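Have a look at the structure below, then the notes.
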Amino acid sequence: MAVYKRKNSWHFRISYKKIDGSYGKVNSDTSYRTKKEAQLAESDLKQKIHRGFDVTNSELLFIDYFEEWYQIFKKGKNSIDNDKDIERAIKFAKSSFPFAKIKELDRKNYQKKINEFAETHSTATVKKHHTYMRMCIKEAIQEGIIFRDPSYNIKIKGKIPPKKESEKFLSLNESQLLIDDLLQNLKPSYISRYIILLQLATGSRFGEAIGLTWDCVDFNNHTITINKTWDHKYTKDFSNTKNYASERTITIDLNTLNLLKQLKQFQQTNKIQNIFKKKLGLVFASNVDGLPVTNNAVNKTLRKFLKNIHSAEEITSHGLRHTHASILLYKGINIKYISRRLGHKNITTTLETYSHIIDELEQKSSREVDEVMNSLYKTN
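Here the sequence shown is numbered in my numbering, starting from 1 and rising by one per residue.
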């Protein structure tokens with residue numbers, strides 16, 4: 001170990017024994033103005049090495065460590081969408097910290113880059129990038145590669161308002177008009193129209209609806225069981241539900257159930273399930289390839305019928321789920337039941353998602369309470 005002078009600046013060199021018994025060397029990559037400064041820096045690093053500081057990995061670029069962490073610990077462990085979220089965070093890190101070593105990250109620069117990104121993005125998007133970078137940084141601290149957390153107490157505030165999809169839904173009257181128009185133009189070969197009607201009737205997610213199989217439709221007890229989804233984005237195959245609470249059995253009204261009976265009879269008559277190699281048993285099997293239709297196809301059909309009924313609201317198929325929930329809430333159905341019916345992880349998710357409707361109903365309830373209390377006063 002030595003402190004030495006080169007030209008007009010001071011440097012240090014440290015030799016140390018690694019845990020595996022081999023030896024390593026570190027040359028200071030910073031020039032110090034005085035010998036004392038170099039000695040203090042040398043002493044600080046010696047203490048870190050003694051406490052298990054990973055000198056070798058601390059020299060890595062942050063983006064390289066982030067990429068390696070993702071490949072080893074995260075990729076393929078959850079959903080494909082989760083992988084895409086982390087990959088977008090890595091892309092952000094590459095543009096924000098392209099040449100920064102992991103040991104060089106500091107809170108000031110980290111916050112600055114977060115602030116710049118927040119100027120053109122929503123809080124949710126910024127928070128998602130921050131979350132995955134912080135997970136990676138925490139791992140580096142755990143491994144003894146760095147000792148300080150540059151992501152600690154970072155403030156997240158996006159400047160772009162988030163898109164509140166849950167506020168996009170049809171009124172009861174619009175829902176009735178949509179159903180009437182769909183029924184007047186319903187043919188078993190037009191699968192998208194049946195999917196729209198099922199989502200309106202059950203509040204199911206799009207992937208849950210197109211992943212529904214006939215063995216999960218109970219015509220006797222008037223229920224459907226949602227225990228899987230269809231991954232229409234990536235694998236084009238069955239996949240798991242969003243979470244454990246998403247696996248559920250829910251009631252279905254007789255009108256919608258009769259539509260499913262018509263669809264099943266059409267499939268049996270035309271042997272839809274038998275003409276393709278893969279026997280998937282899908283309720284909404286296309287007569288073209290036996291697979292479900294795309295989300296884009298359903299949204300296109302939905303836009304067409306919303307235009308027919310002169311709807312003021314433009315929604316996607318996911319808006320049908322919110323329409324179902326809003327109708328039940330306005331009709332006074334117990335929110336705990338609605339939460340289970342929608343397959344939410346807990347009732348808090350339901351309360352947060354539909355707070356705008358609940359607030360409106362609360363105002364209505366306050367007036368009703370006044371009427372109830374007024375009715376208790378005896379009239380002369």
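We put the beta carbon where it would ideally sit given N, CA and C, even for glycine.
Every value quoted in this text rests on a predicted model; they were computed, and no experiment measured them.
Three-state class that DSSP yields for residue i in the structure shown
i, result
"D83", "helix"
"S189", "coil"
"R205", "coil"
"V288", "coil"
"A2", "strand"
"Y110", "helix"
"K101", "strand"
"D44", "helix"
"R13", "strand"
"F266", "helix"
"I333", "coil"
"L61", "strand"
"S28", "coil"
"L257", "helix"
"Y234", "coil"
"R303", "helix"
"Y152", "coil"
"I224", "strand"
"L282", "strand"
"N298", "Checking the sequence, you will find Val at residue 298 rather than Asn. Looking at V298 - three-state DSSP - the assignment turns out to be helix."
"T125", "helix"
"Y23", "strand"
"R33", "coil"
"S239", "strand"
"V372", "helix"
Buried/exposed call for residue i, threshold 16 Cβ in 10 Å
i, result
"V387", "For the chain, the structure presents residues 1 to 380; residue 387 sits outside this window and is missing."
"I145", "buried"
"K157", "exposed"
"L172", "exposed"
"K103", "buried"
"Y110", "buried"
"M133", "buried"
"L263", "buried"
"F62", "buried"
"I347", "exposed"
"S96", "buried"
"P292", "buried"
Close beta carbons around residue i, own chain, < 8 Å, minus the five adjacent residues each side
i, result
"G76", "D83"
"T34", "W10"
"C136", "Y65, F66, W69 and Y70"
Same chain only: Cβ atoms within 6 Å of residue i, ignoring 5 sequence neighbours per side
i, result
"F12", "V3, S28, A38 and E42"
"I226", "E208 and R248"
"F92", "H129"
"L320", "Q199 and L200"
"K25", "S15"
Sequence-distant residues of its chain with Cβ nearer than 7 Å to residue i (five each side left out)
i, result
"P162", "S122, T123 and A124"
"E167", "H356"
"T251", "H222 and T223"
Check whether the region 185-203 touches the region 241-255, taking contact to mean three or more Cβ pairs, one atom from each stretch, closer than 8 Å. yes
Whole alpha helix (DSSP H) runs in the region 344-369 with 4 or more residues, listed along the chain? 347-353
With a cut-off of 8 Å, do at least 3 Cβ pairs link the region 286-294 to the region 173-180? no
Could you check whether the region 304-315 touches the region 203-217, counting it as contact only if at least three pairs of C-beta atoms, one from each stretch, sit closer than 8 Å? no
If you pair each beta-carbon of the region 327-340 with each one of the region 348-365, do three or more pairs fall below 8 Å? yes
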